[in-house]
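Engineer: So the protein lines, in turn, are chains A and B.
Going by the working numbering, the first sequence opens with residue 1, and the numbers climb by one from there.
Going by the working numbering, the second sequence opens with residue 1001, and the numbers climb by one from there.
All residues carry an ideal CB built from backbone N, CA and C; glycine is no exception.
Computed from a prediction, not measured in an experiment: that's the story for all the values here.
This structure is in structure tokens; I'll ask about it shortly.
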Amino acid sequence: QKEVEQDPGPLSVPEGAIVSLNCTYSNSAFQYFMWYRQYSRKGPELLMYTYSSGNKEDGRFTAQVDKSSKYISLFIRDSQPSDSATYLCAMSGTGNQFYFGTGTSLTVIP
Amino acid sequence: GAVVSQHPSWVICKSGTSVKIECRSLDFQATTMFWYRQFPKQSLMLMATSNEGSKATYEQGVEKDKFLINHASLTLSTLTVTSAHPEDSSFYICSARGTPGTGINIQYFGAGTRLSVL
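Right, here's the structure in full:
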């Protein structure tokens, strides 16, 4: 079983839709949960991170962590064509080990 | 937020030459930096983890003599692709671990370097 599972998509939504991106994980020791956005031929850009459980909101983006279910989500409200990218989830504990999902490709159609 | 600068963004070289890629943390000290390789439409593949002042730890299957990593200071790590061949053509991305002044354990990525070997 992989440490982190992420549906690769592709996911295609109309502009203005709410997008839900999800990852599941198996290691209960993970403490930091990150979401990155990667445009084609660019490095991943950190969108948000959460420590332990709970929700975090930043503009149109909301990150949720449910440690009891080992499940994290990223919600994008009022999606825009500029949100079209690959979204990566990542997790870590306290050391140098980071675990990434394979990424979900999102297209927002005008 | 923390900024990681990677240079060059694109390099074209002839087969057999060596190419150096720089990765700098601009506003924080990064004791640990990572180097990734990414093929089109594929996920990140960790190549090595480098800690300042010590030898890099390479992932299985990555040739340490081919991909030389130096992390001589808290803000700079370099990856040198030695005697590059066309099969080394790829997108290389560095990242730095940490957040200024805190113990938050997350990574910040550079913009990536596209290497084309002719």
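1) DSSP on D1065 of chain B, reduced to helix/strand/coil?
2) Counting C-beta neighbours from all protein chains within 10 Å, is the total for I18 of chain A 16 or more, i.e. buried, or is it exposed?
3) By the three-class DSSP mapping on this structure, what secondary structure does S20 of chain A have?
4) Along the segment 1043–1069 of chain B, where does the CB come closer than 9 Å to a CB of chain A? Name the residues.
5) Assess, as a yes-or-no matter, whether the segment 1004–1015 of chain B is touched by the segment 1060–1080 of chain B under the definition of 3 or more beta carbon pairs within less than 8 Å.
6) Where do the ends of the beta strand (DSSP E) carrying N1051 of chain B lie?
7) Quick check on S1095 of chain B: does DSSP put it in helix, strand or coil?
8) Would you please verify whether the beta carbon of R37 of chain A is less than 8 Å from any beta carbon of chain B?
9) Taking L1076 of chain B as part of the beta strand (DSSP E), name the residues at either end of that continuous run.
10) Taking S1116 of chain B as the reference, which of B:I1093, B:D1088, B:F1109 and B:Y1108 has the closest Cα?
11) Strictly under 8 Å for the Cβ-Cβ distance: is L74 of chain A near chain B by that measure?
12) If we count the other Cβ atoms within 10 Å of its Cβ and call it buried at 16 or more, is A1119 of chain B buried or exposed?
13) Does DSSP classify P1040 of chain B as helix, strand or coil?
14) Is there a Cβ of chain A sitting closer than 8 Å to that of R1037 of chain B, yes or no?
15) Taking 8 Å as the threshold, find out whether the segment 1073–1088 of chain B comes into contact with the segment 1019–1028 of chain B through three or more Cβ pairs.
16) Based on the DSSP secondary-structure assignment, which residues constitute the bridge partners of G54 of chain A?
17) Could you list the residues in the segment 46–58 of chain A with a C-beta less than 9 Å from some C-beta on chain B, going in chain order?
18) Tell me, please, whether the CB atom of S84 of chain A is closer than 8 Å to any CB atom in chain B?
19) By a C-beta neighbour count over all protein chains shown, 10 Å radius and 16 as the cutoff for buried, is L82 of chain A buried or exposed?
20) Does the beta-carbon of R1037 of chain B have 16 or more other beta-carbons within 10 angstroms, so that it is buried, or is it exposed?
21) Which chain B residues are close to T102 of chain A, counting only those with a beta carbon under 7 Å from its beta carbon?
22) Quick check on DSSP: helix, strand or coil for P110 of chain A?
Structural biologist: So, to answer that:
1) As a working mapping, residue 1065 of chain B is identified with position 65 in the second sequence. D1065 of chain B: coil per DSSP, three-state reduction.
2) Reading the first sequence from its first residue, position 18 is the one you call residue 18 of chain A. By the neighbour-count rule (16 or more Cβ atoms within 10 Å), I18 of chain A is not buried but exposed.
3) Against the first sequence, residue 20 of chain A aligns to sequence position 20. Note: S20 of chain A maps to strand in three-state DSSP.
4) S1043, L1044, L1046, T1049, N1051 and T1057
5) no
6) Stepping through the second sequence from its first residue, residue 1051 of chain B is reached at position 51. Segment M1045 to N1051, the beta strand (DSSP E) holding N1051 of chain B.
7) If you number the second sequence from 1, residue 1095 of chain B lands on position 95. It is a strand residue.
8) Here residue 37 of chain A is taken as the residue at index 37 of the first sequence, counted from 1. Answer no: the Cβ-Cβ gap between R37 of chain A and chain B never drops below 8 Å.
9) For the purposes of this step, residue 1076 of chain B is taken as residue 76 along the second sequence, with counting starting at 1. Unbroken beta strand (DSSP E) run through L1076 of chain B: L1076 to V1081.
10) For this step, residue 1116 of chain B is matched to residue 116 along the second sequence. Ranking B:I1093, B:D1088, B:F1109 and B:Y1108 by Cα distance to S1116 of chain B puts B:D1088 first.
11) Taking the first residue of the first sequence as 1, we reach residue 74 of chain A at position 74. Not one chain B Cβ lies under 8 Å of L74 of chain A.
12) Residue 1119 of chain B cannot be examined here, being either before or after the span of chain B that is shown, 1001 to 1118.
13) The residue you call residue 1040 of chain B lines up with position 40 of the second sequence. Of the three classes helix, strand and coil, the one that applies to P1040 of chain B here is coil, per DSSP.
14) Here residue 1037 of chain B refers to the residue found at position 37 when the second sequence is read from its first residue. It does not: the Cβ of R1037 of chain B has no partner Cβ on chain A nearer than 8 Å.
15) yes
16) Position 54 of the first sequence, counted from the start, is the residue given in the question as residue 54 of chain A. Per DSSP, A:V65.
17) L46, Y49 and Y51
18) Within the first sequence, numbered from 1, the residue matching residue 84 of chain A stands at position 84. No, because no Cβ of chain B sits closer than 8 Å to the Cβ of S84 of chain A.
19) Locating residue 82 of chain A in the first sequence gives position 82, counting from the first residue. First, the residue type needs correcting, since residue 82 of chain A is Ser and not Leu in the sequence shown. S82 of chain A comes out exposed.
20) If you number the second sequence from 1, residue 1037 of chain B lands on position 37. Buried: at least 16 other Cβ atoms inside 10 Å.
21) Here residue 102 of chain A refers to the residue found at position 102 of the first sequence. Under the 7 Å cutoff, chain B gives S1043.
22) By 1-based counting over the first sequence, the position of residue 110 of chain A is 110. In the structure shown, P110 of chain A sits in coil (DSSP, three-state: anything other than H, G, I, E or B).
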